[in-house]
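Worksheet: the structure to be examined is printed underneath.
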Amino acid sequence: MSNPFDDTDGTYLALCNDEGQHSLWPADLDVPEGWSTVHGPAVHASCEEYVEEHWVDMRPRSLVAAMDPPTR
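Residue 70 in our numbering sits at position 70 of the sequence shown, and the numbers go up by one each step.
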């Protein structure tokens, strides 16, 4: 059996968690707890493009909040 994450011809989802982290996920697998679908199902390239456009800061949201506290 091949790894479904390696199949660039397959159908994927772009997922996002509460920390703003993104992941490409094979559409035929259950979405893991704590993650939500934000794009797809679509071809691998479309999901990859979505992630590249929307996940521009690799830091988790909690780290961003700790490093850049809101000003009053």
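Glycine included, each C-beta is placed from N, C-alpha and C at the ideal position.
Annotation: the continuous alpha helix (DSSP H) that includes V51 extends over H44 to H54.
For A14, the three-state secondary structure derived from DSSP is strand. The criterion of a C-beta distance shorter than 7 angstroms is not satisfied by H54 and Y12.
S36 is bridged by DSSP to C16.
Excluding sequence positions up to five before and after S36, its CB lies within less than 7 angstroms of the CB of L15 and C16, all in the same chain and listed in chain order.
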